[in-house]
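Student: Have a look at the structure that comes next, please.
Number of protein chains: 2
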Amino acid sequence: MDARDLKVFEAVARHAGMNRAALELNTVQSNVTTRIRLLESELGTTLFERHTKGMKLTPAGARLLPHAFEVRTALENARRAVMDDGTPRGPLNIGSRKSTAALHLTGMVASFIEAAPQVDISVRIETSSVLLDMVLERKLEGAFVAGPVEHPDLVGDVIFDEELVVLTGPDVADLAHIDPARAKMIVLGKGSFYHQHLESILTQHGIKGLRLLELGTLEVIVGCVSAGLGVTLLPKGVIGPLQREGKVRAHNVAGPDCRVQTLFVRRRDGFMSSALSAFLDSSRRYAASATIN
Amino acid sequence: MDARDLKVFEAVARHAGMNRAALELNTVQSNVTTRIRLLESELGTTLFERHTKGMKLTPAGARLLPHAFEVRTALENARRAVMDDGTPRGPLNIGSRKSTAALHLTGMVASFIEAAPQVDISVRIETSSVLLDMVLERKLEGAFVAGPVEHPDLVGDVIFDEELVVLTGPDVADLAHIDPARAKMIVLGKGSFYHQHLESILTQHGIKGLRLLELGTLEVIVGCVSAGLGVTLLPKGVIGPLQREGKVRAHNVAGPDCRVQTLFVRRRDGFMSSALSAFLDSSRRYAASATIN
DNA sequence: CGCGTCTATCTGAATTCAAGATAGGAATTG
DNA sequence: CAATTCCTATCTTGAATTCAGATAGACGCG
């Protein structure tokens, strides 16, 4: 059994047919047939049921398929390991949920590209669940998502562990003074982590029925809160100067909703390139310096 | 880059020489040379420094080596996955530390061989640290060790989580009545988990300086304790009948030493054969039924 | 310098692999 | 029911690769 055999096997399984597989493999059908038959005879099992309309995996073939995949990625990782001489270089594809991007991404990327100028970094903004899927499918090398994450194939590092505060206009002395009829919940995204937690926190304070106001950037949100249009929820660490300038007022929160953990997740068996490793280091350093609380 | 190339590479790296590698690979040196040179030209890097006394890995080669290993085990796992049709069969090599073996192994193995008669099980008895190394080196498919275990390449399942009690002769009403000059600490193995914890517990009760008595089997230990020769430490679950018969007296323990967790650890990337899976199931069932507390 | 040990290269034979041609089986269709 | 179509299996031939052996060259050692 060889890696090339498994590539052929994988193509046949994926296309459920030797002709189609041959097309993908840039060869002819007879060679595919021969290779599959040799593989079957070597393993002593049939891997496909032959039908008039193509091939279908037998149970043994179905058991083999994920391992064929694993061998392929192991080979890919081997190649990358040889190429990677320790200096961060080449492409780095990561993801982030929107709020982390708005709060920290600029700072993290800025400090990273200074430390690793030869890396071409690309950041995809999606919701946490979409990001997790993309990481699992190896479309991203890692992503910032809201914690906690429990998955056997993923490993996550806590990058940010931040205390949350409710932000209101400067003249709102207490959350109880919020007028449910006028004030709005101002968030980056409907249904986001911050939206859900803000709603839950306000409910705990007996404030219900606030309308939603969805705004695209942090600056606009803070501006609207400062103007008394509503309330928002943010990590304490990022609103220091605003509060000192008296533009907004921060209200501490108690209970299970009072903190947010941001993890950087990646596949456990994914290749840790120098670029990725440098990015993680850089992010951790940034987080240590940027979040005072 | 192919799996066969990596096998050659691995052999050369291991033997630090092409002649020796050729010997292992059942071929001639010229073929090994050709293959390595082709691999190097494909990767665009030299993998070995040529010396007059053999070959030495370059940094790039050193980076490749562990991945070559990974590709090989991925292929092995693939082969095993095809062979394994779901009915537990074939060899199963596991390990256990002594105390778990003495307390539970008979029961677990008995219930397992009934459920999976076609499996040839072999159990190696070693200390926890030796077992961990053997599992990491893939010499064992898994092992019972004392928890907790933290290692990125290992995954552990808690099989037993037992409350510990100190066992004395039936006429010792209180641990304080133990005579440090006469009573001994009776344990399965010097320096074992149970030995250390027993010592720590006795110290907490102000009892120090007990001599050690190391005995090979649980029955003998219980017999000696019953005869008033000393004290031992055991999970509460296994001494029920003995206590009811009045042969020994159990003394509850408080504090951090009062419980013992036994994990079954295995390599995260190891192949989970049907035999191993069945053994884990069987062990969990056994543990659920055998440990009442 | 001769010897032993190592890698590099060359060469012809053996093996394997690629591509095309062909056959056969099973649905589909007119 | 025959023609058609889409599929896999097999055979053949030439190309490519791999193998084993022979030989050359580099280096250290006594």
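Residue numbers (my numbering), protein chains in the order written: chain A, 522 to 814; chain B, 522 to 814. Cβ coordinates follow ideal geometry from the N, Cα and C atoms, glycine included. Bear in mind that the values here come from a model prediction, so they are computed numbers and not experimental data.
Taking all protein chains shown into account, decide if His672 (chain B) is buried (16 or more other Cβ within 10 angstroms of its Cβ) or exposed.
Tutor: Under this definition His672 (chain B) is an exposed residue.
Student: Interface residues of chain B around Leu596 (chain A) at Cβ under 7 Å?
Tutor: Neighbours of Leu596 (chain A) on chain B, chain order: Met522 and Val592.
Student: Could you tell me the distance, in whole angstroms, from the CA atom of Glu561 (chain B) to the CA atom of Arg618 (chain A)?
Tutor: Distance between the alpha carbons of Glu561 (chain B) and Arg618 (chain A): 41 Å.
Student: Nearest by alpha-carbon distance to Arg556 (chain A): which of A:Gly575, A:Val533 and A:Lys577 is it?
Tutor: The shortest Cα separation from Arg556 (chain A) among A:Gly575, A:Val533 and A:Lys577 belongs to A:Val533.
Student: Along chain A, in chain order, which residues have C-beta atoms closer than 8 Å to that of Leu585 (chain B)?
Tutor: Those are Ala599, Ala602 and Val603, listed as they occur along chain A.
Student: If contacts are defined as beta-carbon pairs under 8 Å, then Lys768 (chain B) and Pro691 (chain B) qualify, I think. What distance do you get, rounded to the angstrom?
Tutor: 6 Å between Cβ atoms; contact.
Student: Cβ of Arg525 (chain B) less than 8 Å from any chain A Cβ?
Tutor: With 8 Å as the cut-off, Arg525 (chain B) counts as an interface residue toward chain A.
Student: In chain A, what lies closer than 7 Å to His499 (chain B) by C-beta?
Tutor: A query on residue 499 (chain B) cannot be resolved here, the shown segment of chain B reaching from 522 to 814 and no further.
Student: Assuming Ile699 (chain B) contacts Thr689 (chain B) under a Cβ cut-off of 8 Å, what Cβ separation, rounded to an integer in Å, is found between them?
Tutor: Contact flag correct, Cβ pair sits at about 7 Å.
Student: Are there three or more Cβ pairs, one per stretch, closer than 8 Å when the region 759 to 778 of chain A is compared with the region 581 to 601 of chain A?
Tutor: Touching, no.
Student: Suppose the cutoff is 8 Å on Cβ atoms and the five residues either side in sequence are ignored; what does the same chain contact list for Glu522 (chain A) look like?
Tutor: Before going further, note that residue 522 (chain A) is Met rather than Glu in the sequence given. So the list reads Leu560, Glu563 and Leu564, once near-sequence residues are dropped.
Student: Output yes or no for whether 8 Å exceeds the beta carbon distance between Gly751 (chain B) and Lys711 (chain B).
Tutor: For Gly751 (chain B) and Lys711 (chain B), no; Cβs fall outside 8 Å.
Student: Would you call Glu570 (chain A) buried or exposed, if buried means 16 or more other Cβ atoms sit within 10 Å of its Cβ?
Tutor: So Glu570 (chain A) counts as exposed.
Student: At what residues does the alpha helix (DSSP H) containing Gly761 (chain A) begin and finish?
Tutor: Its alpha helix (DSSP H) spans residues Gly761 to Arg765.
Student: What residue range does the alpha helix (DSSP H) around Gly628 (chain B) cover?
Tutor: It spans Thr627 to Ala636 - the alpha helix (DSSP H) in which Gly628 (chain B) sits, taken as one unbroken run.
Student: Alpha carbons only, please: which of B:Pro580, B:Asp606 and B:Asn773 is nearest the one belonging to His726 (chain B)?
Tutor: Per the Cα distances, B:Asn773.
Student: Of all Cβ atoms in chain B, is any one closer than 8 Å to the Cβ of His588 (chain A)?
Tutor: Yes, because at least one Cβ of chain B sits closer than 8 Å to the Cβ of His588 (chain A).
Student: Keeping to the same chain, check which residues put their C-beta closer than 6 Å to that of Ile722 (chain A); ignore five residues upstream and five downstream.
Tutor: Answer for Ile722 (chain A): Val774 and Asp778, listed in chain order.
Student: Assess contact between the region 604 to 613 of chain B and the region 639 to 654 of chain B, defined as three or more Cβ pairs (one per stretch) separated by less than 8 Å. Is contact present?
Tutor: Touching, yes.
Student: With burial defined as no fewer than 16 other Cβ atoms inside 10 Å of the residue's Cβ, what is the status of Gly663 (chain B): buried or exposed?
Tutor: Its Cβ being crowded by 16 or more others within 10 Å, Gly663 (chain B) is buried.
Student: State yes or no: is the beta carbon of Thr566 (chain A) nearer than 8 Å to at least one beta carbon in chain B?
Tutor: Answer yes: the Cβ-Cβ gap between Thr566 (chain A) and chain B drops below 8 Å somewhere.
Student: Quick check on the burial criterion: 16 or more other C-beta atoms within 10 angstroms. Buried or exposed for Thr753 (chain B)?
Tutor: Looking at its Cβ environment, which holds 16 or more other Cβ atoms inside 10 Å, Thr753 (chain B) is buried.
Student: List, in chain order, every chain A residue whose beta-carbon is nearer than 8 Å to that of Ala748 (chain B).
Tutor: In chain order: nothing, as chain A lies at least about 50 Å away.
Student: Skipping 5 residues on each side, what residues in its chain have a beta carbon closer than 8 Å to that of Ser713 (chain A)?
Tutor: Closer than 8 Å at the Cβ level, and outside the excluded window around Ser713 (chain A), lie Arg618, Lys619, Ser620 and Thr648.
Student: Residues of chain A with CB under 8 Å from Ala581 (chain B), in chain order?
Tutor: Within 8 Å Cβ-Cβ: Val603 and Asp606.
Student: Taking only the alpha-carbon atoms, compute the straight-line gap between Ile463 (chain B) and Met655 (chain B) and give it to the nearest angstrom.
Tutor: Summary: the structure shown does not reach residue 463 (chain B), with chain B confined to residues 522 through 814, and so no result is reported for it.
Student: Helix, strand or coil for Arg788 (chain A) per DSSP?
Tutor: Strand at Arg788 (chain A).
Student: Suppose the cutoff is 6 Å on Cβ atoms and the five residues either side in sequence are ignored; what does the same chain contact list for Leu527 (chain A) look like?
Tutor: Excluding residues within five positions, the ones whose Cβ falls inside 6 Å are Ala589 and Val592.
Student: Find the nearest neighbour of Ala583 (chain A) within the set B:Asp606, B:Ala583, B:Gly761 and B:Ser803, judged by alpha-carbon distance.
Tutor: Comparing Cα-Cα distances from Ala583 (chain A) to each of B:Asp606, B:Ala583, B:Gly761 and B:Ser803, the minimum goes to B:Asp606.
Student: Considering only the alpha carbon of each residue, which of B:Pro701, B:Gly538, B:Ala543 and B:Val549 lies closest to Thr573 (chain B)?
Tutor: The option with the nearest alpha carbon to Thr573 (chain B) is B:Gly538.
Student: Quick check: the Cα distance between Ser803 (chain B) and Ser798 (chain A), rounded to an integer number of angstroms?
Tutor: Each residue's Cα considered, the two are about 41 Å apart.
Student: Nearest to Pro587 (chain B) by alpha carbon, out of B:Gly628, B:Glu658 and B:Ser551?
Tutor: The candidate whose alpha carbon is nearest that of Pro587 (chain B) is B:Glu658.
Student: In the DSSP assignment, the beta strand (DSSP E) including His772 (chain B) goes from what residue to what residue?
Tutor: Arg770 to Asn773 is the extent of the beta strand (DSSP E) around His772 (chain B).
Student: Look at the alpha carbon of Ser650 (chain B) and the alpha carbon of Thr738 (chain B), and state the distance between them as a whole number of angstroms.
Tutor: Roughly 21 Å separates the two Cα atoms.
Student: Taking only the alpha-carbon atoms, compute the straight-line gap between Ala811 (chain B) and Arg780 (chain B) and give it to the nearest angstrom.
Tutor: Straight-line Cα distance between these residues: approximately 16 Å.
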